[in-house]
Structures are given as C-alpha cells and as structure tokens.
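Okay, structure first, notes after.
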Amino acid sequence: MKALDPMVFYAVLVEMMGPWLFWSLILLTAFGLGTFAWVIFREKGLSSRRLVRCELIGVAGGFGALWLMAYVTVSGFTDAGGPVDWLLIGLIWGGGLVGTTILSYASFGLRDRFRWQKRIRTDEKTWPGG
Amino acid sequence: MTFSERKESSKEKNLQSNSCKDCSRRDFLKLFPLLAGTALCMHAQQSEASEPTKTKARIVIAGAGAAGLAAAAQLAKRLDGAEIVLCDARKEHYYQPGFTLVAAGLKPPGYTVSATADYIPPGVKWIPESIVEFDPAGNRVVTDKGQIVRYDFLIVATGLKLDFAGITGMDPALIGKNGLGCVYAGPDAAYATWKAISDFADKGGVGLFGRPKTEMKCAGAPIKHTFITDDHLRRRGNRGKAEIIYAAHNKTLFSIPIVSEKVRMLYEDRGVDIRHEHVLTAIDPARRRATFATPTGNAEIGYDFINVIPPMRAPDVVRKSPLAWRDGPFAADGWMEVDKGTLRHKRFANVFGVGDVAGVPKGKTAASVKWQVPVAVDHLVATIAGTTPELIYTGYTSCPLITRLGRAMLVEFDYKDNLVPSFPGVIAPLEELWITWVMKTIALKPTYIAMLRGKA
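Heads up: the sequence lines are chains A and B, in that order.
Residue numbers for the first sequence, in this note's numbering: 3 to 132.
Residue numbers for the second sequence, in this note's numbering: 36 to 491.
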C-alpha cells in the first residue's frame, strides 16, 4: 500500500494529544458544529449582530491559538523564516478564529434560546387569565 | 522448501521494485497533514497484507529499542501463529531524538524516558535478558543468563555502542562537570550537558564541538548543538565573549555535499571557526584541554565547554560475531553485513539487521528505522509466505537540523546523496523554517511512538 493511510494520522494525533484530549476536542468540535447548525435552523438564518460579536471574540481566539502553538513549541512568531511559516501562522490564526467564532455563536445562540423560552414561560404565568 | 531456500528464491526478485512510487504523492496537500506532525508518515510504504500470514515460525528480535519494537509490532500484525520473541534486558526505553531538546534546555530528562513494557505488542514474548552470543550457523542466540533461544528467523536491532574508551581521558561520570558535555549518553547526561551549556552561555570562553570519524547516529546532532549553543550565547548577550570551534573529522561538515555547503555558510554567518580533519583522541577534563589527531600531527585546543561525541561502533556481541562485515568500510567497527536495499544478511539468509547496527552507508536515525523496518519485515514475511517482497530501502533518512532555537532545516536524503524533500515547493530542504521546528518539537515524538506501536 503506497497511499497515505488516514489511520496513521489518527494514531499520531492520538499519541500527540493523548486519547482524552483528542476525543474531547472531537466532541467539542461536533458539539460546536451541531449546535451552530441547530441555532441557524431554529432561527431560520444568521443573526448578523450576534455574528459580528462572535467574530470579534473569534479574533481573540485566533491569537489564543497562536499563543498556544508558541507555548507548546517553545518558540515565538519572530522565528518565522519563510512564506510557509507565515502560511502556517495564518492557518493557526484562522483555525482559532473560525473555531472560536462558531463555538461562541453556538453558545450565545443556545443562551438566547433558553432566555427566550424562559421569558415566554414567565409571560404565560403573568398574563391576565394565564 | 526450507525458509532459507525460499528466501534465496525471493532475494533475486526483490531488487526489482523501487519505492520511488512515493514521488507521485508529493503535492501541496501534504502541507496539511504536516500540521498534524507527520512528516515521517509522508513516505508511507507499508506493505501490510490484508490477511495475516499463517505460520509456526519462531522469530527472535535482538534488541528492544526503536527498531526492535517497531519490528515486533509489525510482525505481530502481519503473522498469525508465529512465535515472536524479543530479547533485551533494558527496562527503560529512551526517545533518543529528544536528547537534543533536553540538552537545549527545552525539555526535562523525563521527556525522553518511558518503559519498554509499554510497547511490547500482545502475543510477543519479551525475554528481559541481553544476548551475549549470536550463533547464526546454529540458528540460535545465547543470553547473559545462559538461556539458549533458537530461531527460524532473526532480526538484529541491538543498536550501537558509545565507545567512550576510544577517547583517552573521557569518563562518562564527568559529564556535566568542568564544562564537559555529551548529548548522546542518555537523558541525565543530556540534561547535565544542558547545565554545562547554560553555564558556558553565562560566562563565554571557548566552546568546542565536533564529531567522531566513525559512523554515528544522527550526524546532524553535533551541528545542531553548535547552533543551539550559539543562540543561547546571543540571547544572553554573551556571544562576543565566546569563541565557537567546530572540529570536523574530515574535509566536510556533513556527508551530503549540498547540506555540508549550507552548514558552512551558516557557520560563517554565525562566526563558527571550522577546523577540518580534526579527530578528537584525548581530553584532559581537569585542565579542559582536548587533543585532536590531524594530518600534521596532534593538535591541542583548550576549551571552556566541550560537547564530546565518542566513536560509535557495533556492540561487541555483534562485532565479534559472524554477523559483522569481514571487509570493507564497515568491518573495522563491526557493523552488521546486510544488503543495503533489503537489510537481509549477506551470508545468513534468515537474518536481518535494522537500525543503528546495520552496516549500510547511511541512516542511523529514527527516520531510518521508520523506513528500514517495513522493508526487513516485508522480506521476512514474503520468505515465509513464499511470495515476492515489494519493498526496497533507498537509504531515506531525515534530520530536522536545528539552526537556532525556533528554526530548523528539514534535511531528507538517500543513499545517493540526493535530497528527497517530502514537501517540494512548500518546505525547501535548506531553508531555516519555523514549521520544521514545530515538527521537531511536537510532531516527531508522537510519530515515533506510533511507529513503536506499529501504527505509523
């Protein structure tokens, strides 16, 4: 077999992170994407106001991803030496941005949903004749 | 047909294939798996049969280092019913590529230490005894406790011997004292070396680096530590107080000409004084003086820090056995006489040699193990199955050559001194890059561990 085996990548990633962290991240990713999709479905579209707020959080998330990478590699971004390094830095920052944006959008969407449901229940109790 | 006869019939056929098929997979998309830290995986050439081969063969693996454990894992996957026996007295397993990071002050000694038992595959029997005699004519080995272990096939993966006695005055117990360092001598020695480097980086003086004239594991390591020490000096503002000397054993700095020239340019840039054809023969640790053999006689150089790299030879048990080369460039140090493409012994057809002990032109690195073991296993299994083996070892090895803290060059090459980059056009092999440093610091160890488990 000369083709690249995805199981090799799986094995290396599990060794790199340990099974607990690896599967926690997989679950977190699944939760984030699933909830994001659910929120969009229930709200029948994107809330532009919430999205902008989450994108701002995402920017911080991108920098957080860069900090994490620098920490685990015992290095800094002044070490970038060629275009591929800047590409990698962009990918890490972009990954952190997108991931944080989706997670925060999903979380805020859930929160708003619960708040709205709670308000409905409260209104039903206080409504005359309710 | 006996195992040996079947082997002979397959041996003539196995040189026909070539692993250059890997070339077709070199494209930009490789960058993304790289982020997962799997540069070593990109040359994947597993040849695992979909169904394990049924056999009653008894296979002995001598040595439970990287090569021995990887071979055990792959054999356990590919054979059904075989009796696989691993012989090694060492209880601790060292991730040796990590010694560089320990001696650079970036990782603790424990980063490189784990237990051999953690990697013994199910179904493989581990005899925690050292082999003291190889008897390939009698198809048996003898352990230090007198146990005779017979085999149908033998894989020798004993590693090599650091011959400290080859340098007069050198005592491993002195590592870390009086400016004496030695990255190779184990996790604690690597850490003691870091302490000595740190002390040198604080005070300055003369830093002396070099390599032996014998074959050695990871020939990039002495160069890496020259750069690392230079960087520590610069970061502490003491580079001006220090003179760094690199004593090369011959007229080059690295066995691959194009890499040698690149290192020369970098040394010039960093102000490293190169002394060619200087072979360390003696040190006086108390007086901090080193003696080198040169074409014009002995030369003595004083130092404040020295990174001693002892001559490396095959372990005595191999060197004094019928398995060693009897003539040629690998005979003097007793490396194992194997075919460089198949890793099969040239005189004993049921014996293979992998890892550091193999007498092949290149490759005493973990990356070499990564590519040698599947080839040896493929040929062994093909012999058992009576089929034609598919794989040939081209001499591929790689070295993330650290050129400063935070950057490295990903140098990959083969027997022909060709550069064989895994990411052509993306990661230039002679460019100092952060991405290569990222691979070295977070990706190589998990890849190595996955290799031990037979998963990479």
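Quick reminder that beta carbons are idealized off the backbone N, C-alpha and C, glycines included.
For A277(B) and F262(B), the rounded distance between their alpha carbons: Position 227 of the second sequence, counted from the start, is the residue given in the question as residue 262(B). Position 242 of the second sequence, counted from the start, is the residue given in the question as residue 277(B). Taking the straight line joining both Cα atoms gives about 13 angstroms.
Between the CA atoms of A39(A) and A108(A) - distance to the nearest angstrom: Within the first sequence, numbered from 1, the residue matching residue 108(A) stands at position 106. Within the first sequence, numbered from 1, the residue matching residue 39(A) stands at position 37. A39(A) has its alpha-carbon roughly 8 angstroms from the corresponding atom of A108(A).
CB contact check: G78(A) to chain B, cutoff 8 angstroms: Along the first sequence, read from residue 1 onward, the residue named residue 78(A) stands at position 76. So, interface residue.
Residue of P320(B), L315(B), P156(B), V191(B) minimising C-alpha distance to G332(B): Position 297 of the second sequence, counted from the first residue, corresponds to residue 332(B). Measuring from the Cα of G332(B), the nearest candidate turns out to be L315(B).
D187(B) and A92(B) closer than 8 angstroms at C-beta: As a first step, residue 187(B) is located in the second sequence; it is residue number 152 there, counting from the start. As a first step, residue 92(B) is located in the second sequence; it is residue number 57 there, counting from the start. A contact, by the Cβ cut-off of 8 angstroms.
Sequence-distant residues of its chain with Cβ nearer than 7 angstroms to V218(B) (five each side left out): Residue mapping note: residue 218(B) aligns to position 183 of the second sequence, counting from 1. Once the five neighbours on either side are set aside, the close Cβ partners of V218(B) are F134, T135, A138, A225, T228, A256, H260, N342.
8 angstroms Cβ cutoff, R113(B) in contact with chain A: Looking up residue 113(B) in the second sequence gives position 78. No, its Cβ sits nowhere closer than 8 angstroms to a Cβ of chain A.
Residues that DSSP places opposite C434(B) in a beta bridge: Taking the second sequence and counting its residues from 1, the one referred to as residue 434(B) is at position 399. According to the DSSP secondary-structure assignment, C434(B) is paired through a beta bridge with V446(B).
Within 8 angstroms, strictly: CB atoms of G98(B) and A220(B): Along the second sequence, one-based indexing puts residue 98(B) at 63. Along the second sequence, one-based indexing puts residue 220(B) at 185. No, the Cβ-Cβ distance between G98(B) and A220(B) is not below 8 angstroms.
Close Cβ partners of P330(B) (< 8 angstroms) along its chain, the five nearest in sequence each way excluded: Residue 330(B) sits at position 295 when you count from the first residue of the second sequence. Cβ-Cβ distances below 8 angstroms link P330(B) to E312 in the same chain, with the five nearest sequence neighbours on each side left out; the list follows chain order.
Selected residue, minimal CA-CA separation from P247(B), among V412(B), A200(B), K142(B), T151(B): On the second sequence, position 212 is the one that residue 247(B) refers to. Put simply, of V412(B), A200(B), K142(B), T151(B) the residue whose alpha carbon is nearest the alpha carbon of P247(B) is A200(B).
V191(B), DSSP secondary structure in three states: Locating residue 191(B) in the second sequence gives position 156, where the first residue counts as 1. In the structure shown, V191(B) sits in a strand (DSSP, three-state: E or B).
D153(B) (DSSP reduced to helix, strand or coil): Position 118 of the second sequence, counted from the first residue, corresponds to residue 153(B). Residue state, collapsed to three classes: helix.
I28(A) burial status per 10 Å Cβ neighbour count (16 or more: buried): On the first sequence, residue 28(A) is found 26 positions in, with the first residue counted as 1. Counting C-beta atoms within 10 angstroms of its own C-beta, I28(A) has fewer than 16 neighbours from the protein chains shown and is therefore classed as exposed.
Any C-beta of chain A under 8 angstroms from that of K494(B): No statement about residue 494(B) is possible, as the shown extent of chain B runs from 36 to 491 and does not include it.
Buried versus exposed, by CB contacts within 10 Å (16 or more), L105(A): Residue 105(A) sits at position 103 when you count from the first residue of the first sequence. The residue in question, L105(A), is buried, as its Cβ has 16 or more Cβ neighbours within 10 Å.
3-residue-minimum beta strand (DSSP E) runs that sit fully inside the region 103-140 of chain B, ordered along the chain: Every unbroken stretch of the beta strand (DSSP E) spanning 3 or more residues and falling wholly within the region 103-140 of chain B is given here in chain order: 118-122, 127-129.
Residues that DSSP places opposite I341(B) in a beta bridge: Locating residue 341(B) in the second sequence gives position 306, counting from the first residue. Residue pairing by DSSP places I341(B) opposite L215(B), L243(B) in a beta bridge.
L112(A), enclosing alpha helix (DSSP H) - first and last residue: The residue labelled residue 112(A) in the question sits at position 110 within the first sequence. Annotation for L112(A): the continuous alpha helix (DSSP H) segment containing it runs 85-128.
For A283(B), the first and last residue of its enclosing beta strand (DSSP E): Residue numbering aside, residue 283(B) sits at position 248 when the second sequence is read from its first letter. Where A283(B) is concerned, there is no enclosing beta strand (DSSP E), because DSSP gives it neither an H nor an E.
Residues near W95(A) in its chain [Cβ-Cβ closer than 6 angstroms; skip 5 each side]: In the first sequence, the residue the question calls residue 95(A) occupies position 93. Closer than 6 angstroms at Cβ, skipping near neighbours: G64, L68.
Straight-line gap, P21(A) to R310(B) (C-alpha atoms, nearest Å): On the first sequence, position 19 is the one that residue 21(A) refers to. On the second sequence, position 275 is the one that residue 310(B) refers to. Rounded to whole angstroms, P21(A) to R310(B) spans 49 angstroms at the Cα level.
Bounding residues of the beta strand (DSSP E) (the contiguous stretch that carries E168(B)): Locating residue 168(B) in the second sequence gives position 133, counting from the first residue. Residues 166-170.
According to DSSP, residues forming a beta bridge with M371(B): Translated into the one-based positions of the second sequence, residue 371(B) becomes position 336. Beta-bridge pairing links M371(B) to A359(B), A393(B).
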